[in-house]
Ligand SMILES: [Zn+2]
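Numbering (the working numbering), first residue to last: 633 to 1163.
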């Protein structure tokens, strides 16, 4: 979206507002007073590189109908195709992460912006440059630096249990800067998909006697029905809590496997989700398949260059091979699972086949490795994905196979094996109770190492519970098949980013980010096998 405006000196300037990328101004005609130090006036100057004066001018010029009052800005939606709540939060408050707060100030407006809607941004939320108090997103809380177990325990301590005419509930007091979606639903339940999160937010609000989901104040008492709580938050005596404690104990007594920084004797299988006819999740102008394939290929290259680990992939894009790319233009059409013979992900067979063949192939590779005297404990399966969650969520989330959701035995039906050679020996799996627990425990230890590596490199991770052992969607609970049936000692499905979140999408589009992400994964693998 290009708009021609005038500077105070009367020069004609183009402003460009892009979905996901935000606002930028043509630099050549901008006066010095509008340019922050280091901004290049010969190019498009991003909004963040304008001075306070430049920002105020750009917003007034782009949105001439906005009213700037002493208490608030009343912003009229002018370009609904490229404006979004995230963009508004970024432009007016200084950070898209204030999305929730902007939503909370406008409880009656639909999240999907419509031309002519007027959004209120109170002065307290405006960035310091725009005359506000410089509200920063409150992303760090005391529990954020804790490891997963301690963090979950800290969340639990914020709850108290009660009983009223409608039954048992867990009581939670909202803290400053918290929103019902992220700080209650996403944290305390297993729902993270947009529909599920919205439904539960409404349900919890009703249960708590709150008329308006978004107009919730700090200190407000929230009642969460115990039936929707995730296992770690269930009440004393429940089976969910007992399972949670059993797995935590297992994590503590599971000794790390030592392989040294060169990862000698470690067998790794990398999987990139989707591909071929299935491009996966889609939002903010990007799609899942090619972007996660690119990260997996970067991980592969780094492992091959820097370690002695034995690395295989489950999937290959024939036009590209195992190369990574700087530019990803459009969805790749062809992909094959690297079975014998290769299985084309071309839509000829149900998509479940190509999903199942990934674990069949990986398990077959692990079986050969063990047969050749490889150590069973040094097998690692990683599947890379990106999801489309509620837009208030951002950063990486890691799924591990919840012990209670892994079957005791499973055999893939003949029609789903794609008649590949690997299916002859590796299409059946069985797990003892001990193996299920060990599988979840090791996978949790790896996930913890991964979170540490991501944090160290300042890569966003999910704000609440970034390690999960169950997916709950549409009334069903499960763990993804690729990790559910994996015989790898350690396995994880990594959702590298939330495509629905604009900052996350922008990250994924950036090849430098993908490289940093891959490097963090490799650092995590090294740290994990180092004791
Ligand atoms: Zn996926």
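Note that the Cβ used here is the ideal one computed from N, Cα and C, for glycine as well.
Next item on the list: Pick out whichever of 1136, 731 and 908 has its Cα sitting closest to the Cα of residue 966.
Entry: To locate residue 966, count along the chain shown from 1; it is residue 334. The shortest C-alpha separation from residue 966 is found at 908.
Next item on the list: Using 8 Å as the cut-off, classify the Cβ of residue 764 as near or not near the heavy atoms of ligand 1, replying yes or no.
Entry: Here the question's residue 764 lines up with position 132 in the chain shown. False, no ligand heavy atom lies under 8 Å from that Cβ.
Note to self: Using only CA atoms, which one of 1116, 1088 and 918 lies nearest to residue 1069?
What the structure shows: The sequence position of residue 1069 within the chain shown is 437, counting from 1. That would be 1116, whose Cα lies nearest to the Cα of residue 1069.
Notebook entry, point to check: Using the beta-carbon count (16 or more within 10 Å), is residue 863 buried or exposed?
Noted result: As a first step, residue 863 must be located in the chain shown, where it is residue number 231. Buried.
Next item on the list: Return yes when the C-beta of residue 1106 is under 8 Å from any heavy atom of ligand 1, and no when it is not.
Entry: The sequence position of residue 1106 within the chain shown is 474, counting from 1. The answer is no for residue 1106.
Margin query: Alpha carbons only, please: which of 1151, 1094, 1118 and 1131 is nearest the one belonging to residue 783?
Written below: Taking the first residue of the chain shown as 1, we reach residue 783 at position 151. Cα-wise, what sits closest to residue 783 is 1094.
Next item on the list: May I ask you to list the residues that DSSP assigns as paired with residue 916?
Entry: Against the chain shown, residue 916 aligns to sequence position 284. According to DSSP, residue 916 bridges with nothing at all.
Next item on the list: State the DSSP-derived secondary structure class of residue 735, mapped to helix, strand or coil.
Entry: Numbered from 1 along the chain shown, position 103 holds the residue referred to as residue 735. Three-state result, residue 735: helix.
Notebook entry, point to check: How about residue 1150 and residue 918: do their beta carbons lie closer than 9 Å?
Noted result: By one-based count along the chain shown, residue 1150 stands at place 518. By one-based count along the chain shown, residue 918 stands at place 286. No.
Note to self: Alpha carbons only, please: which of 792, 645 and 1020 is nearest the one belonging to residue 693?
What the structure shows: Within the chain shown, residue 693 is the residue found at index 61, counting from 1. Per the Cα distances, 645.
Checklist line | C-alpha gap between residue 963 and residue 1114, whole angstroms | finding: For the purposes of this step, residue 963 is taken as the residue at position 331 of the chain shown. For the purposes of this step, residue 1114 is taken as the residue at position 482 of the chain shown. Straight-line Cα distance between these residues: approximately 23 Å.
Item checked: Entirely enclosed alpha helix (DSSP H) segments - the stretch 808 to 883, minimum 4 residues -> 826 to 839
Check: Closer than 7 Å from C-beta to any heavy atom of ligand 1: which residues, in chain order?
Finding: 905, 906, 912, 913, 920, 1017, 1018 and 1019
Next item on the list: Please go through the same chain and pick out, in chain order, the residues whose beta-carbon is closer than 8 Å to the beta-carbon of residue 1037, but skip the five residues on each side of it.
Entry: Position 405 of the chain shown holds residue 1037. For residue 1037, where only same-chain residues beyond five positions count, the Cβ hits under 8 Å are 1101, 1102, 1109, 1110, 1111 and 1116.
Check: Is it right to say residue 699 is buried, meaning 16 or more other beta carbons lie within 10 angstroms of its own, or is it exposed?
Finding: Counting from one through the chain shown, the residue named residue 699 turns up at place 67. Exposed, because fewer than 16 other Cβ atoms sit within 10 Å of the Cβ of residue 699.
Note to self: For residue 1137, count the other beta carbons within 10 Å of its own beta carbon; 16 or more makes it buried, fewer makes it exposed. Which is it?
What the structure shows: As a position in the chain shown, residue 1137 is number 505, starting the count at 1. Residue 1137 should be labelled buried.
Margin query: Quick check on DSSP: helix, strand or coil for residue 998?
Written below: By 1-based counting over the chain shown, the position of residue 998 is 366. Helix, per DSSP.
Notebook entry, point to check: Would the beta-carbon of residue 913 fall within 9 Å of that of residue 1131?
Noted result: Reading the chain shown from its first residue, position 281 is the one you call residue 913. Reading the chain shown from its first residue, position 499 is the one you call residue 1131. Taking 9 Å as the Cβ cut-off, residue 913 and residue 1131 qualify as a contacting pair.
Notebook entry, point to check: Can the beta-carbon of residue 814 be found less than 9 Å from the beta-carbon of residue 807?
Noted result: Translated into the one-based positions of the chain shown, residue 814 becomes position 182. Translated into the one-based positions of the chain shown, residue 807 becomes position 175. Going by C-beta atoms, residue 814 is not nearer than 9 Å to residue 807.
Item checked: 6 Å CB neighbourhood of residue 1153 in its chain, flanking five on each side removed -> Walking along the chain shown from the start, residue 1153 turns up at place 521. Once the five neighbours on either side are set aside, the close Cβ partners of residue 1153 are 931.
Check: Within this structure, are the beta carbons of residue 1044 and residue 1062 separated by less than 9 Å?
Finding: Indexing the chain shown from 1 puts residue 1044 at position 412. Indexing the chain shown from 1 puts residue 1062 at position 430. For residue 1044 and residue 1062, no; Cβs fall outside 9 Å.
Next item on the list: Taking all protein chains shown into account, decide if residue 1050 is buried (16 or more other Cβ within 10 angstroms of its Cβ) or exposed.
Entry: The residue you call residue 1050 lines up with position 418 of the chain shown. With 16 or more Cβ atoms within 10 Å of its Cβ, residue 1050 is classed as buried.
Item checked: Simplified DSSP assignment, three categories, for residue 1142 -> Start at 1 with the first residue of the chain shown, and residue 1142 comes out as number 510. Reduced to three states, the DSSP call for residue 1142 is coil.
Next item on the list: Find the nearest neighbour of residue 696 within the set 916, 710 and 687, judged by alpha-carbon distance.
Entry: Position 64 of the chain shown holds residue 696. The shortest C-alpha separation from residue 696 is found at 710.
Notebook entry, point to check: Expressed to the nearest angstrom, what Euclidean distance is found between the alpha-carbon atoms of residue 847 and residue 690?
Noted result: Counted from its first residue, the chain shown places residue 847 at position 215. Counted from its first residue, the chain shown places residue 690 at position 58. One C-alpha to the other measures close to 30 Å.
Checklist line | C-alpha distance - residue 825 paired with residue 1023, whole-angstrom precision | finding: Translated into the one-based positions of the chain shown, residue 825 becomes position 193. Translated into the one-based positions of the chain shown, residue 1023 becomes position 391. Straight-line Cα distance between these residues: approximately 9 Å.
Margin query: Considering only DSSP beta bridges, list what residue 1024 is partnered with.
Written below: Here the question's residue 1024 lines up with position 392 in the chain shown. Beta-bridge pairing links residue 1024 to no other residue.
Check: residue 845 and residue 812 look like a contact to me (Cβ under 8 Å); what is the Cβ gap, rounded to whole Å?
Finding: Reading the chain shown from its first residue, position 213 is the one you call residue 845. Reading the chain shown from its first residue, position 180 is the one you call residue 812. Between residue 812 and residue 845 the Cβ distance is about 6 Å, and since that is below 8 Å, they are a contact.
Notebook entry, point to check: Between the Cα of residue 1143 and the Cα atoms of 638, 888, 688 and 958, which residue gives the shortest distance?
Noted result: Position 511 of the chain shown holds residue 1143. Answer by Cα proximity: 958.
Notebook entry, point to check: When DSSP builds the beta bridges, which residues end up paired with residue 1164?
Noted result: Beyond the ends of the chain as shown, which are 633 and 1163, falls residue 1164; an answer cannot be given.
Item checked: alpha helix (DSSP H) segment containing residue 1078, residue limits -> Taking the chain shown and counting its residues from 1, one reaches residue 1078 at position 446. Per DSSP, residue 1078 belongs to the alpha helix (DSSP H) from 1065 to 1088.
Notebook entry, point to check: With distances taken between CB atoms, is the gap from residue 852 to residue 842 smaller than 9 Å?
Noted result: Looking up residue 852 in the chain shown gives position 220. Looking up residue 842 in the chain shown gives position 210. Yes, the pair counts as a contact, with Cβ atoms nearer than the cut-off.
Notebook entry, point to check: Which first and last residues belong to the alpha helix (DSSP H) in which residue 945 is found?
Noted result: Taking the first residue of the chain shown as 1, we reach residue 945 at position 313. It is not in any alpha helix (DSSP H) - residue 945 instead sits in the beta strand (DSSP E) that spans 942 to 945.
Check: For the alpha helix (DSSP H) that contains residue 789, what are its first and last residues?
Finding: Here residue 789 corresponds to residue number 157 of the chain shown, with the count starting at 1. Segment 780 to 789, the alpha helix (DSSP H) holding residue 789.
Notebook entry, point to check: Tell me, which residues are paired with residue 750 by DSSP?
Noted result: Counted from its first residue, the chain shown places residue 750 at position 118. Residue 750 is bridged to 708.
Next item on the list: Rank 1056, 1099, 679 and 991 by C-alpha distance to the C-alpha of residue 762 and give the top, closest one.
Entry: The residue labelled residue 762 in the question sits at position 130 within the chain shown. Residue 762 has its Cα closest to that of 679, out of 1056, 1099, 679 and 991.
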